[in-house]
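Novice:
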Amino acid sequence: MNGTVIPGTPIAVDFWSVRRAGGARLFFLSHLHSDHTVGLSSTWSRPLYCSPLTARLLRRRLQVPPCWIRPLEVGQSHVLGEEVTVTLLDSNHCPGSVMFLFEGVFGTILYTGDFRYSSSMQGEPALRGRHIDCLYLDNTHCHPHRPLPSRQRATRQAAHVIRAHPQHQVVVGVYSLGKEALLVDLAVEFSTWVVVSPWRLEQMRLLELPDVFTTEEGAGWIRAVDVTEIRCDTLVSWNMLHPTIAILPTGRPVKVTHPNIHPIPYSDHSSFSELCEFVKWLKPCSVIPIVKGSTCQAYFQKYLSSAPQALPDLRIPKPVQEPVQQQSKRKGRDPTFLLKRAARHSVPRGVVYESPEEYTEKSEEFTGVKVPQQNYCQSALCSKEGCTCCHTGKEKEKGELSGEQPGAARAASAVSQAAVSDEHFPAGFAEQYLLTPLNVVKQNSSQKFDKLVEDFFRRGEAS
Numbered sequence: 006m007n008g009t010v011i012p013g014t015p016i017a018v019d020f021w022s023v024r025r026a027g028g029a030r031l032f033f034l035s036h037l038h039s040d041h042t043v044g045l046s047s048t049w050s051r052p053l054y055c056s057p058l059t060a061r062l063l064r065r066r067l068q069v070p071p072c073w074i075r076p077l078e079v080g081q082s083h084v085l086g087e088e089v090t091v092t093l094l095d096s097n098h099c100p101g102s103v104m105f106l107f108e109g110v111f112g113t114i115l116y117t118g119d120f121r122y123s124s125s126m127q128g129e130p131a132l133r134g135r136h137i138d139c140l141y142l143d144n145t146h147c148h149p150h151r152p153l154p155s156r157q158r159a160t161r162q163a164a165h166v167i168r169a170h171p172q173h174q175v176v177v178g179v180y181s182l183g184k185e186a187l188l189v190d191l192a193v194e195f196s197t198w199v200v201v202s203p204w205r206l207e208q209m210r211l212l213e214l215p216d217v218f219t220t221e222e223g224a225g226w227i228r229a230v231d232v233t234e235i236r237c238d239t240l241v242s243w244n245m246l247h248p249t250i251a252i253l254p255t256g257r258p259v260k261v262t263h264p265n266i267h268p269i270p271y272s273d274h275s276s277f278s279e280l281c282e283f284v285k286w287l288k289p290c291s292v293i294p295i296v297k298g299s300t301c302q303a304y305f306q307k308y309l310s311s312a313p314q315a316l317p318d319l320r321i322p323k324p325v326q327e328p329v330q331q332q333s334k335r336k337g338r339d340p341t342f343l344l345k346r347a348a349r350h351s352v353p354r355g356v357v358y359e360s361p362e363e364y365t366e367k368s369e370e371f372t373g374v375k376v377p378q379q380n381y382c383q384s385a386l387c388s389k390e391g392c393t394c395c396h397t398g399k400e401k402e403k404g405e406l407s408g409e410q411p412g413a414a415r416a417a418s419a420v421s422q423a424a425v426s427d428e429h430f431p432a433g434f435a436e437q438y439l440l441t442p443l444n445v446v447k448q449n450s451s452q453k454f455d456k457l458v459e460d461f462f463r464r465g466e467a468s
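No gaps in the numbering here: position 303 of the sequence shown is 308 in the numbering used here, and each next residue is one more.
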């Protein structure tokens with residue numbers, strides 16, 4: 006299985022075991038090859054982010070419920086939850102395949118998934134001049150002694166083999182997804198239909214490829230079959246009916262079992278030299294191989310940035326770890342603001358990772374939250390009828406809350422005009438109410454709570 010949960014983030018890419026995903030809340034699918042979908046099925050019940058084309062294939066191939074599929078436009082940045090931004094980039098691998106550029110308080114991470122590097126990627130606006138903290142790299146062919154030609158050159162090699170056998174029919178072994186461009190190029194080169202199975206023809210139409218495919222036997226003399234059919238026994242059977250050669254497009258070393266099987270070094274993964282060029286241009290702080298068990302980092306050490314940045318651990322969001330009074334100083338707000346946060350309607354704190362749709366629904370929900378009408382004014386600080394403390398300085402509060410998390414800003418009441426410095430803030434009071442769960446605070450009578458609030462402000466004014 007080629008997938009991972011990225012440490013220090015809520016992100017899982019091509020990883021479909023929720024039980025082993027730890028704290029991952031955002032699940033991404035780079036493309037639909039089977040080694041990247043292990044564990045993904047019709048029972049999946051979490052939001053899943055992918056490209057629009059992969060989303061269409063996903064519904065057809067794995068019957069994942071549409072309600073959980075979240076297609077994201079390629080080339081655009083998307084904010085998920087409050088602290089994660091992702092940009093999908095074409096990975097030049099197979100139809101619908103993408104790389105993911107993640108940005109957040111954890112830094113900037115580029116996850117290539119399976120990809121074939123092209124120099125045109127250097128013109129991608131999202132990558133040009135971008136500092137990359139961590140590069141998750143497709144290291145399928147990360148070996149200096151395994152050179153690969155470009156796909157254009159490999160296509161010419163396949164055409165040369167076909168021309169050398171003018172009386173033979175041709176079968177091309179391909180996976181269920183990928184190498185469609187090779188089939189189209191050969192069809193155009195030799196002006197013939199490519200015969201495919203009915204389900205593959207349906208997929209070709211879904212991919213909106215050129216109309217060079219047919220299911221009619223004998224309509225063309227090039228046929229696409231599953232790669233598992235390219236074997237010695239099938240070649241013997243085919244040649245008993247008609248002289249036949251097989252083209253096996255792969256960048257991996259293969260053992261030829263029949264003289265009419267012709268491996269062609271056509272690969273949808275980057276060659277070693279392309280990987281070096283990519284890393285040299287990108288200059289990330291670190292490289293992590295996607296295919297496990299490889300030590301290819303040593304090849305790229307000389308290309309890495311000389312100033313690596315440590316990625317913080319996000320298991321506990323930073324704002325929650327800071328002492329209450331330090332948060333007040335850092336944000337430039339009165340301690341009274343923190344008091345109201347303790348008594349207001351409870352909302353999630355820290356980083357909240359949600360899909361945009363869910364977040365919109367919850368935003369609407371929080372907007373409508375009201376304090377029960379028991380002679381309370383809008384302020385959580387006062388319960389006296391006719392009190393005006395919650396109405397003064399309302400315009401000022403709007404500016405003060407502009408940097409607060411959206412959920413907190415909506416739930417918080419207006420800040421009182423009376424500013425109280427940190428040194429006048431009674432530690433015992435903060436300990437009793439600010440750091441006490443709201444349900445425990447509610448156990449105290451409203452009169453006792455009101456008296457403590459009044460005493461708090463009286464002591465502040467006296468000092």
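Don't be surprised by glycine CBs; every beta carbon is placed ideally from N, CA and C.
1) Would you kindly report the start and end of the unbroken beta strand (DSSP E) that includes residue 82?
2) Indicate whether the contact test is met: 3 or more Cβ pairs, each with one atom in the stretch 156–170 and one in the stretch 138–146, closer than 8 Å.
3) Span of the alpha helix (DSSP H) holding residue 94?
4) If residue 291 sits next to residue 139, beta carbons under 8 Å apart, how far is it from one beta carbon to the other, in whole angstroms?
5) Counting Cβ pairs, one atom from each stretch, are 3 or more of them under 8 Å apart for the stretch 171–180 and the stretch 77–95?
6) For residue 4, which three-state DSSP category applies?
7) Any idea what DSSP makes of residue 128, helix, strand or coil?
8) My output table needs one value for residue 231: the three-state DSSP class, helix, strand or coil.
9) Let me know the secondary structure DSSP gives residue 75 once reduced to three states.
10) Exposed or buried, residue 262, counting other C-beta atoms within 10 Å across all chains shown (16 or more means buried)?
11) Quick check on DSSP: helix, strand or coil for residue 189?
12) For the 8 Å Cβ check, are there 3 or more pairs between the stretch 9–16 and the stretch 98–112?
13) Pick from 135, 119, 46 and 214: whose alpha carbon is nearest that of residue 141?
14) Report yes if the CB atom of residue 225 is closer than 8 Å to the CB atom of residue 197, and no otherwise.
15) Starting from residue 249 and walking both ways along the beta strand (DSSP E), at which residues does that stretch end?
16) Here's the rule: buried if 16 or more other CB atoms are within 10 angstroms of the residue's CB, otherwise exposed. What is residue 248?
17) Identify, in the order they occur along the chain, each residue of the same chain with its Cβ nearer than 8 Å to the Cβ of residue 81, setting aside the five sequence neighbours on each side.
18) Going by DSSP, name the residue or residues bridged to residue 104.
19) Just to confirm the assignment, what range does the alpha helix (DSSP H) spanning residue 60 have?
Specialist: Here's the rundown:
1) In the sequence shown, residue 82 corresponds to position 77, counting from 1. Segment 82–85, the beta strand (DSSP E) holding residue 82.
2) Contact between the stretch 156–170 and the stretch 138–146 is absent: fewer than 3 CB-CB pairs across the two stretches fall below 8 Å.
3) Within the sequence shown, the letter at position 89 stands for residue 94. Unbroken run through residue 94 is the beta strand (DSSP E), 89–95; no alpha helix (DSSP H).
4) Against the sequence shown, residue 291 aligns to sequence position 286. Against the sequence shown, residue 139 aligns to sequence position 134. Between residue 139 and residue 291 the Cβ distance is about 5 Å, and since that is below 8 Å, they are a contact.
5) Too few Cβ pairs lie closer than 8 Å, so no.
6) Any property of residue 4 remains undetermined from this structure, which presents the chain solely from 6 to 468.
7) In the sequence shown, residue 128 corresponds to position 123, counting from 1. Here residue 128 sits in helix by DSSP.
8) The residue you call residue 231 lines up with position 226 of the sequence shown. Strand at residue 231.
9) Walking along the sequence shown from the start, residue 75 turns up at place 70. For residue 75, the three-state secondary structure derived from DSSP is strand.
10) Along the sequence shown, one-based indexing puts residue 262 at 257. By the Cβ-count criterion, residue 262 is exposed, with fewer than 16 other Cβ atoms from all chains shown falling within 10 Å of its own Cβ.
11) Reading the sequence shown from its first residue, position 184 is the one you call residue 189. In this structure, DSSP gives residue 189 a helical state, which the three-state scheme calls helix.
12) At 8 Å Cβ cutoff, the stretches touch.
13) As a first step, residue 141 must be located in the sequence shown, where it is residue number 136. When each option's Cα is compared against that of residue 141, the closest is 119.
14) Within the sequence shown, residue 225 is the residue found at index 220, counting from 1. Within the sequence shown, residue 197 is the residue found at index 192, counting from 1. Result yes, Cβ atoms of residue 225 and residue 197 sit closer than 8 Å.
15) Position 244 of the sequence shown holds residue 249. Counted as a single uninterrupted DSSP element, the beta strand (DSSP E) harbouring residue 249 occupies residues 249–254.
16) Walking along the sequence shown from the start, residue 248 turns up at place 243. By the 10 Å Cβ count, residue 248 comes out exposed.
17) Position 76 of the sequence shown, counting from 1, holds the residue named residue 81. In its chain, beyond the 5 residues on either side, 92 and 93 have a beta carbon closer than 8 Å to the beta carbon of residue 81.
18) For the purposes of this step, residue 104 is taken as the residue at position 99 of the sequence shown. Checking the DSSP bridge columns, you'll see residue 104 partnered with 94.
19) Numbered from its first residue, the sequence shown carries residue 60 at position 55. Residue 60 -> alpha helix (DSSP H) spans 57–66.
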